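Below: the structure, in structure tokens.
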Amino acid sequence: MENINQQAVADLHEANRQRWNNHAAEWKRLRDEDGIWRRCHKEPHLAFEGRAFETIANFFETLQGKRVCVVGSGDNYAAFALAGLKANVTSVDISEKQLADAAERASELGLKISFVRSDAADLQSLADNSFDLVCSTNGFFIWLADLTRVFSEIVRVLKPGGHYVFYDVHPFQRPWKDQVMPIEMKKPYWERESCPGETHWTIADILNSLTASGLDIRRVIESPAVNSRFWEGPSYGPGQDESLQDWKCNPRAGLPVWLTVAAVKL
Ligand SMILES: C[S@@+](CC[C@H](N)C(=O)[O-])C[C@H]1O[C@@H](n2cnc3c(N)ncnc32)[C@H](O)[C@@H]1O
């Protein structure tokens, strides 16, 4: 991977911290609309897309007592789900406002989670070799200016033999104008820049960064949306227009929507 200016990374991440602080109230409102956060700790599959939950379950007979870190935790659905499975969960996000909302919800649900404000590119408050599992979910990578640095931090905090499992928006969904029919290209697949602070990584960027960081890839899954809500906005509520699932009406539905990867620290 090419060298990335680390001051530029720190500056972009700091700008994203402020952006997410400003966006936290709206994110909270959206998540209150669908209310899924109230259910994830009892119905953990609700917190995961792209067969990520089944993938985690394949690696762990039980998560009870396992040390788990959710990085870029945002709405914390994954953290709530894993805490509901009795894992010992640390939730890391760069935005103190996102964390404050999550902590309030965790307390309402009676979940004990350790919340840590940190840039994923510099997890200095987390010890080496301390987690059995690290997860990241839906819409995290776009905020990162240096994937290899973040994956290297994930490797550092994982125990040898520990797993990193993520699902994120599939890079093949990034070059298009949003929800425009007929399908219209916004930029070439390889052009990483979209709007300021957001980076559109390719499949090669993600997989090469994982291996360069010392992770051994065990499983790669490319999945469609399970219902039409993916095409209708950031809500977790049920979709309305099922025709959006038909690639003949919505050609983007003929491309994968989620990229899920399971990797191991050797
Ligand atoms: C779209 S959310 C993804 C998480 C979750 N799936 C969700 O939908 O809420 C993005 C989250 O990543 C966090 N984030 C962005 N950049 C980060 C960084 N460098 N380190 C840690 N967290 C970061 C943001 O604060 C935000 O809460």
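Residue numbering for the sequence shown follows the working numbering, starting at 1 and increasing by one per position.
Don't be surprised by glycine CBs; every beta carbon is placed ideally from N, CA and C.
It should be emphasised that the depicted structure is a prediction, and the values quoted were computed from it without experimental measurement.
*How about residue 238 and residue 252: are their beta carbons less than 9 Å apart?*
no
*Sort 104, 96 and 131 by Cα distance to residue 89 and report the nearest one.*
Closest in alpha carbon position to residue 89, among 104, 96 and 131, is 131.
_Suppose you measure from the CA of residue 105 to the CA of residue 213; what does that come to, to the nearest Å?_
34 Å
*Look up residue 106 in the DSSP assignment and give the residues it is bridged to.*
Residue 106 is not bridged to any residue.
_Are there any heavy atoms of ligand 1 lying less than 8 Å away from the beta-carbon of residue 78, as far as the coordinates show?_
Yes, Cβ of residue 78 sits closer than 8 Å to a heavy atom of ligand 1.
*Using CA coordinates, which residue listed in 99, 198 and 117 is at the minimum distance from residue 25?*
99
*Just list the alpha helix (DSSP H) runs in the region 78 to 149, keeping only unbroken ones of 4 residues or longer that don't cross its boundaries, in chain order.*
96 to 109
_Beta-carbon spacing of residue 235, residue 258 below 9 Å_ = no
*Can you grab the Cα-Cα spacing for the pair residue 84 / residue 40, in whole Å?*
8 Å
*Have a look at residue 186 and residue 192 and give me their C-alpha separation to the nearest angstrom.*
12 Å
*Using beta-carbon positions only, say whether residue 133 and residue 210 come within less than 9 Å of one another.*
no
*Would you mind working out which of 266, 260, 264 and 265 sits nearest residue 52, comparing C-alpha positions?*
260
*Using only the heavy atoms of ligand 1, determine whether one of them is closer than 8 Å to the beta carbon of residue 94.*
yes
*Three or more beta-carbon pairs under 8 Å between the region 114 to 125 and the region 171 to 185, yes or no?*
no
*Starting from residue 244, follow the alpha helix (DSSP H) in both directions and report where the run begins and ends.*
From DSSP, residue 244 is part of no alpha helix (DSSP H); its letter is neither H nor E.
*So, helix, strand or coil for residue 169, using DSSP?*
strand
*With 16 as the cutoff for other CB atoms within 10 Å, does residue 49 come out buried or exposed?*
buried
*Spell out the partners DSSP gives residue 259 in its beta bridges.*
168 and 222
*Terminal residues of the continuous alpha helix (DSSP H) containing residue 39?*
Element bounds for residue 39: n/a, residue is neither H nor E.
*Please state if the CB of residue 94 and the CB of residue 119 are separated by a distance shorter than 9 Å.*
yes
*Taking the continuous alpha helix (DSSP H) assigned at residue 76, which residues delimit it?*
Per DSSP, residue 76 lies in no alpha helix (DSSP H) segment and is marked neither H nor E.
_Taking 9 Å as the threshold (C-beta atoms), are residue 204 and residue 56 in contact?_
no
*With a Cβ-Cβ cutoff of 9 Å, do residue 87 and residue 64 count as a contact?*
yes
*Reduced DSSP category for residue 299 - H, G, I as helix; E, B as strand; rest coil*: Since the displayed the chain opens at 1 and closes at 266, residue 299 lies outside it and no answer follows.
*8 Å contact criterion, which residue 216 and residue 157 should meet: CB distance rounded*: Contact doesn't hold; Cβ gap of about 16 Å is too wide.
*Contacting residues, own chain, Cβ-Cβ under 6 Å from residue 241 (five flanking each side not counted)*: 228
_What would DSSP say about residue 62, mapped onto helix, strand or coil?_
coil
*Kindly list the residues whose CB is nearer than 7 Å to the CB of residue 103, restricted to its own chain and excluding five residues on each side of it in sequence; keep chain order.*
Counting only Cβ-Cβ distances below 7 Å, and skipping sequence neighbours, we find 115.
*In terms of DSSP beta bridges, what is residue 163 paired with?*
133 and 264
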